[in-house]
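A.B. asks: Submitted below is the structure of interest, expressed as structure tokens.
Number of protein chains: 2
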Amino acid sequence: MGMLSRDVLADPVALTRALVDIESVSGNEADIADQVQHALSGTALKVERFGHTIVARTELGRPERVVLAGHLDTVPLNDNWPSRTEGNLLHGCGTSDMKSGTAIALHLAVTEPEPRHDVTYVFYECEEVDSARNGLKILADGRPGLLTDASFALLLEPTHGLVEAGCQGTLRVLARTWGRRAHSARSWLGDNAIHKAAPILQRLLGYEPRTVIIDGCEFREGLNAVRVSGGVAGNVIPDECVVEVNFRFAPDRSEEQAAAHVRDVLAGFELEVVDSAPAALPGLDAPPAREFLAAIGRPPRAKLGWTDVARFAALGIPGLNYGPGDPNLAHKQDEHVEIDKIVEGADVVRRWLTTGP
Amino acid sequence: MGMLSRDVLADPVALTRALVDIESVSGNEADIADQVQHALSGTALKVERFGHTIVARTELGRPERVVLAGHLDTVPLNDNWPSRTEGNLLHGCGTSDMKSGTAIALHLAVTEPEPRHDVTYVFYECEEVDSARNGLKILADGRPGLLTDASFALLLEPTHGLVEAGCQGTLRVLARTWGRRAHSARSWLGDNAIHKAAPILQRLLGYEPRTVIIDGCEFREGLNAVRVSGGVAGNVIPDECVVEVNFRFAPDRSEEQAAAHVRDVLAGFELEVVDSAPAALPGLDAPPAREFLAAIGRPPRAKLGWTDVARFAALGIPGLNYGPGDPNLAHKQDEHVEIDKIVEGADVVRRWLTTGP
Numbered sequence: 001m002g003m004l005s006r007d008v009l010a011d012p013v014a015l016t017r018a019l020v021d022i023e024s025v026s027g028n029e030a031d032i033a034d035q036v037q038h039a040l041s042g043t044a045l046k047v048e049r050f051g052h053t054i055v056a057r058t059e060l061g062r063p064e065r066v067v068l069a070g071h072l073d074t075v076p077l078n079d080n081w082p083s084r085t086e087g088n089l090l091h092g093c094g095t096s097d098m099k100s101g102t103a104i105a106l107h108l109a110v111t112e113p114e115p116r117h118d119v120t121y122v123f124y125e126c127e128e129v130d131s132a133r134n135g136l137k138i139l140a141d142g143r144p145g146l147l148t149d150a151s152f153a154l155l156l157e158p159t160h161g162l163v164e165a166g167c168q169g170t171l172r173v174l175a176r177t178w179g180r181r182a183h184s185a186r187s188w189l190g191d192n193a194i195h196k197a198a199p200i201l202q203r204l205l206g207y208e209p210r211t212v213i214i215d216g217c218e219f220r221e222g223l224n225a226v227r228v229s230g231g232v233a234g235n236v237i238p239d240e241c242v243v244e245v246n247f248r249f250a251p252d253r254s255e256e257q258a259a260a261h262v263r264d265v266l267a268g269f270e271l272e273v274v275d276s277a278p279a280a281l282p283g284l285d286a287p288p289a290r291e292f293l294a295a296i297g298r299p300p301r302a303k304l305g306w307t308d309v310a311r312f313a314a315l316g317i318p319g320l321n322y323g324p325g326d327p328n329l330a331h332k333q334d335e336h337v338e339i340d341k342i343v344e345g346a347d348v349v350r351r352w353l354t355t356g357p
Numbered sequence: 001m002g003m004l005s006r007d008v009l010a011d012p013v014a015l016t017r018a019l020v021d022i023e024s025v026s027g028n029e030a031d032i033a034d035q036v037q038h039a040l041s042g043t044a045l046k047v048e049r050f051g052h053t054i055v056a057r058t059e060l061g062r063p064e065r066v067v068l069a070g071h072l073d074t075v076p077l078n079d080n081w082p083s084r085t086e087g088n089l090l091h092g093c094g095t096s097d098m099k100s101g102t103a104i105a106l107h108l109a110v111t112e113p114e115p116r117h118d119v120t121y122v123f124y125e126c127e128e129v130d131s132a133r134n135g136l137k138i139l140a141d142g143r144p145g146l147l148t149d150a151s152f153a154l155l156l157e158p159t160h161g162l163v164e165a166g167c168q169g170t171l172r173v174l175a176r177t178w179g180r181r182a183h184s185a186r187s188w189l190g191d192n193a194i195h196k197a198a199p200i201l202q203r204l205l206g207y208e209p210r211t212v213i214i215d216g217c218e219f220r221e222g223l224n225a226v227r228v229s230g231g232v233a234g235n236v237i238p239d240e241c242v243v244e245v246n247f248r249f250a251p252d253r254s255e256e257q258a259a260a261h262v263r264d265v266l267a268g269f270e271l272e273v274v275d276s277a278p279a280a281l282p283g284l285d286a287p288p289a290r291e292f293l294a295a296i297g298r299p300p301r302a303k304l305g306w307t308d309v310a311r312f313a314a315l316g317i318p319g320l321n322y323g324p325g326d327p328n329l330a331h332k333q334d335e336h337v338e339i340d341k342i343v344e345g346a347d348v349v350r351r352w353l354t355t356g357p
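Chains A and B, in that order, are what the protein sequence lines are. Taken in order, the first sequence gives residues 1 to 357; the numbers are from the UniProt record's numbering. Taken in order, the second sequence gives residues 1 to 357; the numbers are from the UniProt record's numbering.
Here it is, written out as structure tokens:
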């Protein structure tokens, strides 16, 4: 305990470094959650803990409430821990995704007692693993009232200092073909399931994905085979082949419409939906969103990926992604963050939370 | 030692049962080879041993020499050992493939001192595993002279009492496609290797295999994907896909011609030949082959599969497959052989070896 001193909490760069140096690969968030909880316990915020997820709320009676959210976990270390500073770059696992963003939220929670809007800070566990373990999902399922009184959510996932609005949905489908085994020396006695998968790949190869403009944000879709497998042995006609297909879809489609589209494209094949998560519309009309965009001063772009803003959208809370990290460095061995992007991010978010329009 | 008593050796059915009950899964042939060697040591045959492969030759000065060959090993036990007799059926691992055939050869080696042709008996190890360990291949490579003075070979592999002539060749080829990884949310940054495999499967699906008649035997070919694999993760555009293709070809093609044909069919793709074995022509013109067919009294059919007759063919020795086992029961849990087929097989082969045309 106590790594997060008052001095460290007052400096979002030092705080990023300190959070990175508390190892918190998904499933191992106990220590970092303890330290975040301890740092928040000295404030006027109302703090509650669920597993290793911490919720801290101002209770200032403001007419509007916003969420600032960041996850505490990282992907597994990859010989890139602890942190290391090199000029303007802070290197290490979690620097971009997303301890620099989480540090901005924690820094403001501790140092900004009088925001214009009430704020619900959420520091949550297990974002990088199975959806069922996701701390924000568990909170949204179990105690939605702690979130639903907000009219806007800012998720500090890496966007490299830009505003990324909404997010794509994602759907994974298994397309299966069946045949009959036989010795390959007498192949006419069998029925080749791998050959039968040819039209599946052919349709995916010829598929023309849409680009959809929503609220000025360009969402590109994609329908791709991500895995294929089939076969028994080098001398056996295969009786089963599975093509795993991932559809990334724009937020003008619901999950059901996305699944129906994949069923259209792959009509005639046995399909099984194995994973589905909704898209989120950009949600730029909410007043706090407009204020935030004004504070940034640059137009938003579409989030091309899936993030937890979709969980907020599902609760009826419009959300934006904004963080100092570069999303292209997330999960990479050479993950790093630009220090001046952290400073700029903390300034922008504080200005939004304190200065009137 | 000593399980193979004089009484057992005099009865091909009892001998089949005894050989089955000496467990000899490939790699574990020491015991069965010892017992076969011991059984042969009491005869006038010239016996030599190479690993667990036994060669026993008559030296009668006959103008013509024939080979009788059978392998000693079996595929792994599958809760089907030791043997069990049920009416006309002898059940157990190796009953069909091919201890019933090997028993006929060993029975004749011990009980038939005066065949019309000189005979080279070959009892060999490791037929059911990698070609490099095959006892007949090792013998053909290291001491070909022990085989090449024969003008005909009879391989007692299971044919259910029919004569199966020649054999198909077999070729295995990997067809690879390459792409570029990217996050599936931004698939346009990548290049999908699985989609690129569509034309490979499409061409295999549309392929029309030949049927070729050679010496009255109908050889059917087949070109099949036997395995397909590709993919990195559920959210990554795959950068590699591999389709493993097996070509079973008629003996009017050489291995080189077979490979060239596959290159034609899959033109434009990266191909790697990983396994190749030549076909064998029926070879029905050799006088001992004609005599054998006359002894059987039924027309031959093509061997649809690969057998070691191709190794004899490669040494310039025409060969036929003939054995009591049912080839469709080989490698199956319920493997068995019909007892009267063993008796009939031993009679036919003895008649051929002793009675003039």
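Using N, Cα and C, we set each Cβ at its ideal position, and we do this for glycine too.
I need the boundaries of the beta strand (DSSP E) containing A/Arg65, first residue and last residue.
C.D. replies: Taken as a continuous stretch (DSSP letters only), the beta strand (DSSP E) holding A/Arg65 covers 65-71.
A.B. asks: With DSSP run on the structure shown, which of helix, strand or coil describes A/Trp81?
C.D. replies: Residue state, collapsed to three classes: coil.
A.B. asks: What residue from B/Ala286, B/Ala197, B/Gln333 has the CA that sits closest to residue 359 of chain B's CA?
C.D. replies: The displayed coordinates of chain B run from 1 to 357. Any statement about residue 359 of chain B would go beyond what the structure contains.
A.B. asks: Can you tell me where the alpha helix (DSSP H) holding A/Thr354 begins and where it ends?
C.D. replies: Where A/Thr354 is concerned, the enclosing alpha helix (DSSP H) stretches over 339-354.
A.B. asks: For B/Thr177, I'd like the list of residues in its chain whose CB is within less than 6 Å of its CB, leaving aside the five on either flank, ordered along the chain.
C.D. replies: Result list for B/Thr177: Ala193, Lys196, Ala197, Cys241, in chain order.
A.B. asks: In three-state DSSP terms, what is B/Ile32?
C.D. replies: Reduced to three states, the DSSP call for B/Ile32 is helix.
A.B. asks: Per DSSP, which one or two residues make a beta bridge with B/Ser5?
C.D. replies: Bridge partners of B/Ser5: none, in fact.
A.B. asks: Evaluate contact between the stretch 59-78 of chain A and the stretch 116-135 of chain A, counting only Cβ atoms and requiring at least three cross-stretch pairs below 8 Å.
C.D. replies: Verdict: yes, contact present.
A.B. asks: Report the CB separation of B/Leu223 from B/Pro209 in whole angstroms; it is logged as a contact under 8 Å.
C.D. replies: About 6 Å separates the two Cβ atoms, so the contact holds.
A.B. asks: Using a cut-off of 7 Å between C-beta atoms, extract the partners of A/Leu168 located in chain B.
C.D. replies: The sequence shown places Gln at residue 168 of chain A, not Leu. Going along chain B in sequence order, the residues near A/Gln168 (Cβ under 7 Å) are Ala185.
A.B. asks: Per DSSP, what kind of secondary structure is A/Ser254 in: helix, strand or coil?
C.D. replies: In this structure, A/Ser254 counts as coil in the three-state DSSP scheme.
A.B. asks: Express the C-alpha separation of A/Thr355 and A/Glu344 in angstroms, rounding to a whole number.
C.D. replies: Taking the straight line joining both Cα atoms gives about 16 Å.
A.B. asks: Please classify B/Thr159 as buried or exposed, where buried requires at least 16 other C-beta atoms within 10 Å of its C-beta.
C.D. replies: Burial call: buried.
A.B. asks: For chain C, check one thing: does any of its Cβ atoms lie closer than 8 Å to the Cβ of B/Ala165?
C.D. replies: This model lacks chain C altogether; the protein chains it does include are A and B.
A.B. asks: Contact defined as beta carbons within less than 8 Å: I believe A/Leu4 pairs with A/Gln35. What is the distance between those atoms, to the nearest angstrom?
C.D. replies: That belief holds up - the Cβ atoms of A/Leu4 and A/Gln35 are roughly 5 Å apart, short of 8 Å.
A.B. asks: Among all the DSSP beta bridges, which residues are the ones paired with B/Trp188?
C.D. replies: DSSP output for B/Trp188 lists no bridge partner at all.
A.B. asks: Since B/Leu139 and B/Phe50 should fall inside the 8 Å C-beta cutoff, what is the C-beta to C-beta distance between them, to a whole number of angstroms?
C.D. replies: 6 Å between Cβ atoms; contact.
A.B. asks: Tell me whether B/Ala56 sits in a helix, a strand or coil according to DSSP, three-state version.
C.D. replies: If DSSP states are grouped into helix, strand and coil, B/Ala56 belongs with the strands.
A.B. asks: Whether or not the stretch 16-34 of chain A and the stretch 64-80 of chain A are in contact is what I'm after, with contact meaning three or more pairs of Cβ atoms, one per stretch, closer than 8 Å; do they touch?
C.D. replies: In short, these stretches touch, since the Cβ pair count reaches three.
A.B. asks: Which of the residues in the stretch 79-100 of chain A, read from start to end, lie with their CB under 8 Å from any CB of chain B?
C.D. replies: Listed in sequence order: no entries.
A.B. asks: If I follow the unbroken beta strand (DSSP E) through A/Phe269, where does it start and stop?
C.D. replies: Unbroken run through A/Phe269: none, as it is neither H nor E.
A.B. asks: Can you tell which of A/Leu315, A/Phe312, A/Leu304 has the C-alpha that lies nearest to the C-alpha of B/His183?
C.D. replies: Nearest of A/Leu315, A/Phe312, A/Leu304 to B/His183, Cα basis: A/Leu304.
A.B. asks: What are the residues that DSSP puts in a beta bridge with B/Lys332?
C.D. replies: BP columns for B/Lys332 are empty, so no partner.
A.B. asks: Could you give the uninterrupted runs of the alpha helix (DSSP H) lying entirely in the stretch 115-163 of chain B, keeping only those of 4 residues or more?
C.D. replies: Whole alpha helix (DSSP H) segments, 4+ residues: 135-142, 145-148.
A.B. asks: Counting only Cβ pairs nearer than 9 Å, list the residues of chain A close to B/Pro238.
C.D. replies: Ordered by position in chain A, the residues that pass the 9 Å Cβ test against B/Pro238 are Asn224, Ala225, Val226, Arg227, Val228.
A.B. asks: So B/Arg298 is in the beta strand (DSSP E); what residue range does that whole segment cover?
C.D. replies: B/Arg298 -> no beta strand (DSSP E), and no H or E assigned at all.
A.B. asks: So is B/Val343 in contact with chain A if we call contact Cβ pairs under 8 Å?
C.D. replies: Not closer than 8 Å to any Cβ of chain A, the Cβ of B/Val343 fails to qualify, so no.
A.B. asks: Counting only the same chain and skipping the five closest in sequence on each side, list residues whose C-beta sits under 6 Å from that of B/Val228.
C.D. replies: Counting only Cβ-Cβ distances below 6 Å, and skipping sequence neighbours, we find Val243.
A.B. asks: Between the Cα of B/Ile237 and the Cα atoms of B/Ser187, B/Pro282, B/Gly216, which residue gives the shortest distance?
C.D. replies: The shortest C-alpha separation from B/Ile237 is found at B/Ser187.
A.B. asks: Rounded to whole angstroms, what's the CA-CA distance from A/Arg298 to A/Leu146? Just pull it up for me.
C.D. replies: Each residue's Cα considered, the two are about 31 Å apart.
A.B. asks: Give a yes or no on whether the minimum CB-CB distance between B/His261 and chain A is below 8 Å.
C.D. replies: It does not: the Cβ of B/His261 has no partner Cβ on chain A nearer than 8 Å.
A.B. asks: Considering only C-alpha positions, which residue in the set B/His107, B/Ser83, B/Leu108 is nearest to B/Ser96?
C.D. replies: Answer by Cα proximity: B/Ser83.
A.B. asks: If I'm right that A/Ala10 touches A/Thr111 with Cβ under 8 Å, what's the distance once you round it to whole angstroms?
C.D. replies: Sure, about 6 Å apart at Cβ, within 8 Å.
A.B. asks: A/Leu40: which of A/His71, A/Tyr124, A/His91, A/Ala109 sits nearest, CA to CA?
C.D. replies: Per the Cα distances, A/Ala109.
A.B. asks: Who are the Cβ neighbours of B/Met1 in its own chain at under 8 Å, not counting the five residues just before and after it?
C.D. replies: Only weak support exists for where B/Met1 lies, its pLDDT of 47 falling under 50; the coordinates are left without a value.
A.B. asks: Our contact map puts A/Gln168 next to A/Arg248 with C-beta atoms below 8 Å; I'd like the distance itself, whole angstroms only.
C.D. replies: A/Gln168 to A/Arg248, Cβ: 5 Å. Contact.
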